[in-house]
Amino acid sequence: MSEHTRIDCDIHNEVPDLEALYPYLPDHWLAYCRESAFNGPDAADYPESVPTTARDGSSPKPDLAEVQARVLDDVEIGILNCAYRVQSVRNEDLAASLATAVNQWQVEHWLEKETRLRASIVVPSHSPPLAAREIDRWGDHPGFVQVILPVRAEAPYGNRRYDPIYEAAIRHDLALGINYGGAPGHPPTPTGWPSYFIEDYAGMAQIFQSQVISLVCEGAFERFPSLRVALIEGGFTWLPSLMWRIDKEWKGLRHNTPYVRRRPSEYMRTHLRFTIQPLDAPPNPLHLAQILEQCGAEDLLLYASDYPHSHDSQDFLLDLLTADQREKIDSANARTFYRL
Amino acid sequence: MTAQFDSTAIAERGAVTKDRTNGHDAADPDASVQQGARYRAPLDTAIIDTDIHIYFPTQDVLRSYLEPHWQEYHQTFGQRGYDGSHFPRAMPNAARHDAWPDDGTPPGSNLPLLQKQLLDEWNIEIGVLNPLVGAGEQRNLAFGAAFARATNEWQLAEWLEPDPRLRASIIVPWEDGELSAAEIDRWGSHPGFVHALLIARTKEPLGRRKYWPMYEAACRHDVPIAIHFGGAGGAPITGSGFPNHYIEDHGGMPQTFQAQVISLIFEGVFHQFPTLKFVLIEGGFAWIPPMLWRMDSAWRKLGSEVPHVTEPPSELFRRHFWVSTQPMEEPFQPEQFRQLLGHLDLDDNLLFATDYPHWDFDSPDRAFPIPLDKERRRKFMAENARALYNL
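The listed protein sequences correspond, in order, to chains A and B.
For the first sequence, the working numbering gives the first residue as 232, with consecutive numbering after it.
For the second sequence, the working numbering gives the first residue as 674, with consecutive numbering after it.
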């Protein structure tokens, strides 16, 4: 359907169950898992039967054959975002060993079997030194292009505690991918725990917004000028409103954060990229076109199927684009961002 | 840098299926507005200010309105809230430097100065008082209820009665639905009290059932519920823990408002209380359209979880929510502000506010960055508030 080849920046490869990781766990943790009846991280970001988790005919945890058959047909390169939330395991050493096991599993079951795929390094980001060690373990493997972090964390990602992760990512020229979900223990809203899944889902966009504010206002992009961050599965139509608000805040309050030297929206445009699913689009395409123009979206968006998750069709966006814009969003932006 | 999306081509392809532009997308070059030069609006309409802050001049004044038992309690134990989330403000009391009375009492505690700097200076017809004094954030709920009642009696005696231009908020101990309902019942039929006042950072999302008795009382008296910027309910200001800086706390408040709207709509509050109205104060409004787009999309996929939501969230929002204008997001280009008003489609629900005496005060002639037609100016500056509050 498309004359150029796509780079799909969001395909999910989920660990089917803990036993899939047994071959890659050290003896100590293998025995511990068996004895304790531990089943794996308890983050419930994608309950298996919920309509957003899998589209018709897809598995909530697709295997390689399914991804090859249903996603990779018109895709030059596909980027895997594994959402195995080792961060929700409080035992940091176990979390670190699980991360290593997941990454080994990704290499053996995905990267070594399909050359069109790239993957994201799963890290115990609640322990930044251990996470940095994990990045160093895999950082020179050509199949890994990104470090994946859940958008919900114990502290916002601009906090200096995460610097070891960013140093390691830059050491290996890897991008950072912030992805829907996570289970850090505190509530997903500034006002406590909501009752319904739909509130968690709709509210996740606010946590992405908080992370953008933090990365910019806590100076992460001044400390790490080459840091590049993909916001994955958090929408993007909110970006103009956030740019306007934080630029205005900065005008009044920049003496509060002297190391934020440029307008916040400039950092956002320079360092951030956004996957296009979910679209969260206005019903009126004219309004969507205005949003795209307001934030200069043609340089910021990355094509993504978000397979197997199910959202409104992205064609609503793609149909608005000129051939040049389409080429950027389909592949050129990703090629530059991920060094492909 | 930005692309030129061809709006005409989009319309010609027949893609515009539902026009939500509401007249705001009409070609209007706004030649009078130069980028960088701040537009000044004519002051040719009535002005109702929906967000004025008053404070007790001293804690002794507060205590004089408390019953003796609570006077002693307050003297001994003070106020005990959800502490541990303090970001030092940019300015003392977050106030304009010129708003401090000569006697050293806090900004917003002196009626003659407030009259001079705000009501007389800008010819404000009616001003709504939103005292942020902490009654609702007391962990001792019984003391919170006494504190709320004292604040309401103080507003009546020292503000409403001396100046007929002022209206008050019913202060409630919002973490207890029954106690809050009792306070709304006490003041709900008094014409001087126009809404019940909550703060954005409650302990739980406001759609939760523990708050419902308060909503029932509000409906009984047809009193809107106002949610104001700020507060501390125990949870971090982000869904991802505590940030470091005041700018993140201040700039992060729209995320808190979004969480409250998502909760109120998806937890079925408007199914239970079809006449309930909310006023969002000092939260900005550019975040509203993208939030509604996401909520509508989520509801189409996940609506089976919330069968009590029987129409699109965006429609519920436009029927049940009013929004104050300060602090307004500032788009890069003036025409983008017009686009924003089109996306918002909330012409009957925007309420002008100054936020006196705070540092980010909006003056009536400089609040809007673009010229608005006279009819919209009338609505935003006064008539929407007049209709909402029956003023």
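All residues carry an ideal CB built from backbone N, CA and C; glycine is no exception.
Residue of the options minimising C-alpha distance to residue i
i	options	result
Ala400 (chain A)	A:Asn487, A:Arg459, A:Gln440, A:Tyr498	A:Arg459
Ala971 (chain B)	A:Ala251, A:Trp260, A:Arg265, A:Thr284	A:Thr284
Phe467 (chain A)	A:Leu519, A:Val281, A:Pro456	A:Leu519
Gly914 (chain B)	A:Ala414, A:Ala330, A:Arg316, A:Ser289	A:Ala414
Ala959 (chain B)	B:Leu852, B:Leu1023, B:Ile797	B:Leu1023
Ala384 (chain A)	A:Gln442, A:Tyr253, A:Cys313, A:Pro456	A:Gln442
His1016 (chain B)	B:Trp885, B:Ile961, B:Ala899	B:Ile961
Pro730 (chain B)	B:Arg713, B:Trp847, B:Thr824	B:Thr824
Glu955 (chain B)	B:Glu1002, B:Ile920, B:Arg973	B:Glu1002
Val317 (chain A)	A:Glu339, A:Gly412, A:Asp287	A:Gly412
Trp773 (chain B)	B:Ser853, B:Glu794, B:Ile727, B:Asn796	B:Ile727
Thr723 (chain B)	B:Leu953, B:Asp717, B:Arg874	B:Leu953
Trp424 (chain A)	B:Ile898, B:Pro761, B:Thr929	B:Thr929
Ser977 (chain B)	A:Asp258, A:Trp260, A:Ser280	A:Ser280
For residue i, three-class secondary structure by DSSP
i	result
Phe678 (chain B)	Residue placement at Phe678 (chain B) is poorly supported in this model, since its pLDDT is 43, which falls under 50; the coordinates still yield a value, given next. In the structure shown, Phe678 (chain B) sits in coil (DSSP, three-state: anything other than H, G, I, E or B).
Val302 (chain A)	coil
Val867 (chain B)	strand
Ile366 (chain A)	helix
Phe375 (chain A)	strand
Tyr538 (chain A)	strand
Pro1000 (chain B)	coil
Ala268 (chain A)	coil
His1031 (chain B)	strand
Pro779 (chain B)	coil
Val706 (chain B)	With a pLDDT of 47 at Val706 (chain B), under the threshold of 50, the predicted position of this residue should be treated as unreliable, though the coordinate-derived value follows. Coil.
Ala688 (chain B)	For Ala688 (chain B), the predicted structure reports a pLDDT of 38, less than 50, and the residue's modelled location is therefore unreliable. A value from the coordinates is still provided. Three-state result, Ala688 (chain B): coil.
Tyr513 (chain A)	At residue 513 (chain A) the sequence reads Pro, which differs from the Tyr that was named. In the structure shown, Pro513 (chain A) sits in coil (DSSP, three-state: anything other than H, G, I, E or B).
Gly757 (chain B)	coil
His340 (chain A)	helix
Gln1009 (chain B)	helix
Ser233 (chain A)	The pLDDT assigned to Ser233 (chain A) is 47, lower than 50, so where the model puts this residue is not dependable, and the model offers no usable value.
Asp1046 (chain B)	coil
Lys876 (chain B)	coil
Thr731 (chain B)	coil
Ala905 (chain B)	coil
The beta strand (DSSP E) enclosing residue i, as first and last residue numbers
i	result
Gln945 (chain B)	No beta strand (DSSP E) holds Gln945 (chain B); the alpha helix (DSSP H) holding it covers 942 to 945.
Gly309 (chain A)	306 to 311
Arg349 (chain A)	348 to 353
Leu407 (chain A)	406 to 410
Asp239 (chain A)	237 to 242
Ser997 (chain B)	994 to 997
Which residues DSSP lists as bridging residue i, in chain order
i	result
Thr911 (chain B)	B:Gly914
Gly800 (chain B)	B:Asp722, B:Leu839
Ala461 (chain A)	A:Gly408, A:Arg504
Ala899 (chain B)	B:Leu870, B:Val952
Leu1023 (chain B)	B:Val996
Pro381 (chain A)	A:Asn410
Ala768 (chain B)	B:His1031
Leu532 (chain A)	A:Phe505
Ile844 (chain B)	B:Leu870
First through last residue of the alpha helix (DSSP H) which encompasses residue i
i	result
Ala1058 (chain B)	1057 to 1062
Ala520 (chain A)	516 to 526
Ala451 (chain A)	451 to 454
Trp972 (chain B)	961 to 975
Asn564 (chain A)	564 to 568
His923 (chain B)	919 to 924
Val447 (chain A)	428 to 448
Tyr277 (chain A)	Unbroken run through Tyr277 (chain A): none, as it is neither H nor E.
Trp795 (chain B)	Trp795 (chain B) -> no alpha helix (DSSP H), and no H or E assigned at all.
Beta-carbon neighbours of residue i, restricted to chain E and to distances below 7 Å
i	result
Arg476 (chain A)	Of the protein chains in this structure, namely A and B, none is chain E.
Checklist entry - Does the region 322 to 340 of chain A come close enough to the region 471 to 481 of chain A that 3 or more CB-CB pairs lie under 8 Å? => result no
Checklist entry - Are three or more beta carbon pairs between the region 981 to 997 of chain B and the region 933 to 953 of chain B nearer than 8 Å? => result In short, these stretches touch, since the Cβ pair count reaches three.
Checklist entry - Is there contact here, the region 816 to 829 of chain B with the region 773 to 791 of chain B, by at least three beta-carbon pairs under 8 Å? => result no
Next on the checklist: Can you confirm whether the region 259 to 272 of chain A touches the region 338 to 345 of chain A when touching is taken to mean that 3 or more C-beta pairs between the two stretches lie within less than 8 Å?
Outcome noted: no
Checklist entry - Counting pairs of Cβ atoms below 8 Å between the region 371 to 380 of chain A and the region 429 to 440 of chain A, do you hit three or more? => result no
Checklist entry - With contact counted as at least three CB pairs below 8 Å, one residue from each stretch, are the region 552 to 560 of chain A and the region 519 to 531 of chain A in contact? => result yes
Checklist entry - Should the region 803 to 812 of chain B be regarded as contacting the region 840 to 852 of chain B, the criterion being three or more beta carbon pairs within less than 8 Å? => result A contact between stretches requires three or more CB pairs, one per stretch, nearer than 8 Å, and the region 803 to 812 of chain B meets this requirement with the region 840 to 852 of chain B.
Next on the checklist: I'd like to know if the region 740 to 748 of chain B and the region 798 to 809 of chain B are in contact, where contact means that at least 3 CB-CB pairs between them fall below 8 Å.
Outcome noted: For the pair of segments examined, the region 740 to 748 of chain B was found not to touch the region 798 to 809 of chain B: the number of CB pairs separated by less than 8 Å stays below three.
Checklist entry - Between the region 444 to 460 of chain A and the region 889 to 900 of chain B, do at least 3 Cβ pairs fall closer than 8 Å? => result Because the criterion of three Cβ pairs below 8 Å is not met, the region 444 to 460 of chain A and the region 889 to 900 of chain B do not touch.
Item to check | Inter-stretch contact at 8 Å, needing at least 3 Cβ pairs: the region 1024 to 1044 of chain B / the region 749 to 768 of chain B | outcome: yes
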